[in-house]
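Asks: Residue numbers (the working numbering): 2 to 314. Take this structure, written in structure tokens, and hold onto it; I'll ask about it next.
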């Protein structure tokens with residue numbers, strides 16, 4: 002057979018395969034965008050009676066009363082953001098430091114089992130964390146952690162007031178434990194992937210091991226670490242069962258972290274099965290829409306910060 006003809010057939014087959022692969026990739030991306038758009042549209046449709054009844058005041062009013070059909074999401078937004086902020090603050094610091102230790106300082110015989118245990122925590126169901134928080138952490142907050150914080154930092158309003166055990170602080174601590182494996186595992190992989198040449202160059206200039214990690218390795222891995230923190234924050238914002246069990250479930254805004262509170266996800270989980278009436282159900286669906294938008298805004302803001310940091314770097 003003619004060699005040029007064989008080559009033409011082979012090139013035609015390769016081109017057809019490439020086109021099919023390209024179509025499949027575009028179809029997958031289009032399907033993902035379509036699913037997100039349909040999710041948003043369904044949430045808007047389900048929450049439309051509430052949107053029409055309350056308008057934008059749904060966002061800044063504080064009354065949540067199913068009996069009188071008066072609904073305001075401000076305490077729920079407050080509880081969601083504050084508990085997630087506590088979680089990401091604690092898990093971010095501890096997780097990055099733990100990842101740096103496992104990747105740079107721990108001997109191999111210790112780093113491998115510790116990494117396995119940390120990654121295993123990510124597979125623990127959230128209800129287990131909720132039970133632990135309710136029966137172990139909440140009593141500890143009420144009898145030990147809370148009084149200690151009040152004694153040392155009681156001049157701050159966030160550590161004032163009565164200590165119930167359940168509340169924003171307990172929810173934040175449980176969430177921090179839940180997202181800690183995500184931050185640690187991803188950050189460790191990112192740190193380990195940094196080229197060895199950068200470490201050797203810093204140490205050749207006289208830097209110590211600590212200075213090399215703090216001044217060279219961690220700045221070089223900041224993009225991946227930031228991505229791990231944002232991914233963990235997404236889980237903290239949407240966590241339901243564990244938060245519901247330890248946050249106290251009271252739709253009020255209080256300055257103290259010891260006070261009970263509520264989150265968007267907790268309200269939906271607690272009240273959706275008992276909701277009766279068109280406005281009540283629609284208000285709960287609107288909470289889902291708010292949670293969707295909060296996650297979208299937080300991720301968008303994180304990307305802007307990351308883009309700004311990369312440009313300055």
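Backbone N, C-alpha and C define an ideal beta-carbon position, used for all residues, glycine too.
(1) Starting from the Cα of residue 189, find the closest Cα among 12, 273 and 107 and give me that residue.
(2) Less than 8 Å between the CB atoms is what I'm expecting for residue 123 and residue 192, so what's the real figure, rounded?
(3) Is there contact here, the stretch 244 to 253 with the stretch 126 to 134, by at least three beta-carbon pairs under 8 Å?
(4) Secondary structure at residue 162, three-state DSSP: helix, strand or coil?
(5) When burial is assigned at 16 or more other CB atoms within 10 Å of the CB, is residue 263 buried or exposed?
(6) Taking just the CA atoms, how far does residue 213 sit from residue 238?
(7) Cutting at 6 Å between CB atoms, please list the residues of its own chain near residue 10, excluding the five before and the five after it.
(8) Can you list, in chain order, the residues of its chain with a C-beta nearer than 7 Å to that of residue 258? Leave out the 5 residues immediately preceding and following it.
(9) Taking the alpha-carbon of residue 248 as reference, which of 67, 152, 176 and 46 has the nearest alpha-carbon?
(10) What's the gap between the Cα of residue 181 and the Cα of residue 69?
(11) Taking contact to mean at least 3 C-beta pairs separated by less than 8 Å, is the stretch 263 to 272 in contact with the stretch 283 to 297?
(12) Nearest CA to the CA of residue 298: which residue from 285, 235 and 253?
(13) State buried or exposed for residue 183, treating a residue as buried only when at least 16 other CB atoms are found within 10 Å of its CB.
(14) Starting from residue 315, follow the alpha helix (DSSP H) in both directions and report where the run begins and ends.
(15) In angstroms with no decimal places, state the Cα-to-Cα distance between residue 206 and residue 200.
(16) Roughly how many angstroms separate the alpha carbons of residue 282 and residue 174, rounded to a whole number?
(17) Counting along the chain, where does the alpha helix (DSSP H) carrying residue 149 start and finish?
(18) With which residues is residue 262 paired in a DSSP beta bridge?
(19) How big is the Cα-Cα spacing for residue 306 and residue 228?
(20) How is the alpha helix (DSSP H) around residue 53 delimited, first residue to last?
(21) Suppose you measure from the CA of residue 16 to the CA of residue 23; what does that come to, to the nearest Å?
(22) On a Cα-Cα basis, can you pick out the residue from 293, 222 and 300 that is closest to residue 42?
(23) CB-CB under 7 Å to residue 150, same chain, minus the five flanking residues each way: which ones, in chain order?
(24) Between which two residues does the alpha helix (DSSP H) holding residue 200 run?
(25) Measure from the alpha carbon of residue 186 to the alpha carbon of each residue in 226, 39 and 56, then state which is nearest.
(26) What does the alpha-carbon distance come out to for the pair residue 165 and residue 144?
(27) From which residue to which residue does the alpha helix (DSSP H) around residue 255 run?
(28) Roughly how many angstroms lie between the CA atoms of residue 253 and residue 67, to the nearest whole one?
(29) Beta-carbon separation of residue 162 and residue 255 under 8 Å?
(30) Relative to the C-alpha of residue 89, which candidate in 34, 231, 279 and 273 has its C-alpha closest?
(31) What does DSSP give as the partner residue(s) for residue 66 in the beta ladder?
Replies: This is what the structure holds:
(1) Comparing Cα-Cα distances from residue 189 to each of 12, 273 and 107, the minimum goes to 107.
(2) Between residue 192 and residue 123 the Cβ distance is about 18 Å, and since that is not below 8 Å, they are no contact.
(3) Contact between the stretch 244 to 253 and the stretch 126 to 134 is present: 3 or more CB-CB pairs across the two stretches fall below 8 Å.
(4) The three-state reading of DSSP puts residue 162 in coil, since its state is none of H, G, I, E or B.
(5) Residue 263 is buried by the Cβ-count criterion.
(6) Their Cα atoms are separated by approximately 34 Å.
(7) Closer than 6 Å at the Cβ level, and outside the excluded window around residue 10, lies no residue.
(8) If we look at residue 258 and ignore the five residues flanking it on each side, its Cβ neighbours are 159, 160, 168, 169 and 170.
(9) Comparing alpha carbon positions, the residue from 67, 152, 176 and 46 closest to residue 248 is 176.
(10) Their backbone Cα atoms lie some 41 Å apart in a straight line.
(11) Contact between the stretch 263 to 272 and the stretch 283 to 297 is present, because at least three Cβ pairs lie under 8 Å.
(12) Looking at the Cα atoms, 235 is the closest of the given residues.
(13) Buried is the call here.
(14) Shown here, the chain extends from 2 to 314; a query on residue 315 therefore has no answer.
(15) Straight-line Cα distance between these residues: approximately 10 Å.
(16) Spanning the two alpha carbons is a distance of roughly 31 Å.
(17) Looking at the DSSP string, the run of the alpha helix (DSSP H) that includes residue 149 is 147 to 154.
(18) 249, per the DSSP bridge assignment.
(19) Those two C-alpha atoms are separated by around 11 Å.
(20) 49 to 55 is the span of the alpha helix (DSSP H), which, as asked, contains residue 53.
(21) Cα to Cα, residue 16 sits roughly 10 Å from residue 23.
(22) In terms of Cα proximity to residue 42, the closest of 293, 222 and 300 is 293.
(23) Cβ neighbours of residue 150 beyond the five flanking positions: 160.
(24) 197 to 205 is the extent of the alpha helix (DSSP H) around residue 200.
(25) Out of 226, 39 and 56, 226 has the C-alpha closest to the C-alpha of residue 186.
(26) If you take the alpha carbons of residue 165 and residue 144, they lie about 9 Å apart.
(27) Counting along the chain, residue 255 falls outside any alpha helix (DSSP H), and DSSP gives it neither H nor E.
(28) Looking at the two C-alpha atoms, the distance is approximately 15 Å.
(29) Closer than 8 Å, so yes.
(30) When each option's Cα is compared against that of residue 89, the closest is 231.
(31) Assignment of beta-bridge partners to residue 66 by DSSP yields 71.
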